[in-house]
Every structure is written in structure tokens, then in C-alpha cells.
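Under this note's numbering, think of the first position of the sequence shown as 5, with each following residue one higher.
Positions of the beta carbon are idealized from the N, C-alpha and C atoms, including for glycine.
In this text, all values refer to a predicted model and were calculated from it rather than measured experimentally.
Worksheet: one structure, shown below.
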Amino acid sequence: MKQLASKNELRAEIDRQVREFLQHGGAVEEVARGISGRDPQRGPPGGFHGFAPRPKEERTYVPEVVAAIEARRRKAKDKGPVPRVRRGMIRKPVYDDFGEPVRWEWVDQEAASS
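Next comes the structure, spelled out in C-alpha cells:
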């Protein structure tokens with residue numbers, strides 16, 4: 005597996021390259037802080053040149069398709085809410101002789117309704 009260079013090794017390599025560039029007659033131009041290195045006349049990078057204006061396209065109105073879509077939409081609204089089917093256990097009170105609840109029991113829903 006190839007050994008990756010650490011940050012310190014990368015920094016040292018970049019410093020060495022900069023020193024070598026300056027020793028061989030290279031020059032570094034001082035640029036004010038916050039100034040972009042891009043030419044403002046060239047525009048943003050990536051080839052995006054804004055939205056090109058296009059003529060409006062003619063639209064074909066299809067009443068049958070619109071009517072079918074509207075009918076499906078109305079049909080879905082007319083159904084109403086779907087009732088939930090609860091299955092399983094429900095809590096049912098157990099009363100004493102005087103009609104006071106003594107405790108709660110968990111019973112099957114089918115047994116509770118009969």
C-alpha cells in the first residue's frame with residue numbers, strides 16, 4: 005500500500021518548491037487581502053453565463069387529460085377517511101356489586117364486544 009504524506013511533509017515539500025522557484029528568478033506578486041484572483045470581465049467559472057432569454061413556447065391545452073386528472077383528484081377527496089381496524093387487547097373495567105370499578109382487565113377485542 006502506498007504511504008500517504010503527512011501534513012508536515014506536504015508543508016515542507018511546498019516550502020521547498022517555493023524556495024526553489026524564488027532562487028531561480030521567480031517573483032511573487034503581492035496582492036491585497038480579500039482581492040480575488042479571478043478576472044471580473046471573464047465572469048464566473050464553469051461556463052455558466054446566465055439564463056438565455058427564449059421565446060415563449062406555445063402550449064397545447066388538452067381538456068380530456070385535465071378533466072381526467074381533476075376527476076381522480078375529486079374521487080380521492082370524496083372517499084373520506086379510512087376507518088382504522090383495531091385488533092388486539094383492550095382495557096375493560098371490572099365492577100364490584102355496587103357498580104364501582106375495582107380493577108382493569110386486558111381482554112381480546114372480540115370477547116369485549118360480545
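Contact between residue 88 and residue 113 does not hold, since the beta-carbon distance rounds to 12 Å and is not under 8 Å.
In the DSSP assignment, residue 23 falls within the unbroken alpha helix (DSSP H) covering 11-27.
Taken through DSSP and simplified to helix, strand or coil, residue 60 comes out as coil. Apart from the 5 residues on each side of it in sequence, residue 49 sits with its Cβ closer than 8 Å to the Cβ of 42 in its chain, given in chain order. Residue pairing for residue 81: DSSP places it in no beta bridge.
When the Cα atoms are used, residue 33 and residue 63 turn out to be separated by approximately 57 Å.
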